[in-house]
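Notes for the one structure printed next.
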Amino acid sequence: MSSGMGRACARAFSTQGVNIVGVHLDMAERQPEIDDLVNQLEQQDVAVRFFLMPMLPATMYATKVIGSIADEVGAAGGF
Numbered sequence: 026m027s028s029g030m031g032r033a034c035a036r037a038f039s040t041q042g043v044n045i046v047g048v049h050l051d052m053a054e055r056q057p058e059i060d061d062l063v064n065q066l067e068q069q070d071v072a073v074r075f076f077l078m079p080m081l082p083a084t085m086y087a088t089k090v091i092g093s094i095a096d097e098v099g100a101a102g103g104f
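When we follow my numbering, the leftmost residue of the sequence shown carries the number 26, and every step to the right adds one.
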């Protein structure tokens with residue numbers, strides 16, 4: 026989110042009907058900004074899931090994010 030590249034990509038993909046999964050490293054105080062982006066993306070009628078991952082080791086990112094995505098995709102029958 027900090028550079029704006031992720032935000033721009035998420036917006037572009039959502040306009041094409043692509044569901045969005047993202048990881049942001051921002052501090053919790055920026056959550057309202059993330060919530061605004063999620064609302065904008067959801068207006069494109071796509072599923073959106075962001076994970077807040079403040080400065081954790083890479084293996085923890087992978088375990089938490091990929092595990093959560095797999096659980097959600099499996100429960101929904103697709104994402």
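Glycine is no exception: its CB is placed at the ideal position from the N, C-alpha and C atoms. Because the structure is a prediction, the values reported are computed rather than measured.
Member of GLN41, MET52 and LEU66 whose CA lies at the smallest distance from the CA of PRO79: Stepping through the sequence shown from its first residue, residue 79 is reached at position 54. When only C-alpha atoms are compared, the closest one is MET52.
Cβ-Cβ distance between ASN44 and VAL71 below 8 angstroms: Locating residue 44 in the sequence shown gives position 19, where the first residue counts as 1. Locating residue 71 in the sequence shown gives position 46, where the first residue counts as 1. Their beta carbons are under 8 angstroms apart, which means ASN44 touches VAL71 by this criterion.
Enclosing beta strand (DSSP E) for ARG74 [first to last residue]: Counting from 1 along the sequence shown, the entry for residue 74 is found at position 49. Here the beta strand (DSSP E) through ARG74 covers 73-77.
VAL90 in three-state terms, based on DSSP: Along the sequence shown, read from residue 1 onward, the residue named residue 90 stands at position 65. If DSSP states are grouped into helix, strand and coil, VAL90 belongs with the helices.
Pair within 8 angstroms by beta-carbon distance, GLY47 and GLY29: As a first step, residue 47 must be located in the sequence shown, where it is residue number 22. As a first step, residue 29 must be located in the sequence shown, where it is residue number 4. No, Cβ-Cβ distance for GLY47 and GLY29 is not below 8 angstroms.
Rounded separation between VAL73 and THR84 - CA only: On the sequence shown, position 48 is the one that residue 73 refers to. On the sequence shown, position 59 is the one that residue 84 refers to. So the two alpha carbons sit approximately 23 angstroms from each other.
Near the ligand GTP: VAL73 beta-carbon under 7 angstroms from a heavy atom: Within the structure as shown, the ligand GTP is missing, as the structure has no ligands at all.
Of the listed residues GLU67, ASP61, LEU50 and GLY92, nearest to THR40 (C-alpha basis): Start at 1 with the first residue of the sequence shown, and residue 40 comes out as number 15. Looking at the Cα atoms, GLU67 is the closest of the given residues.
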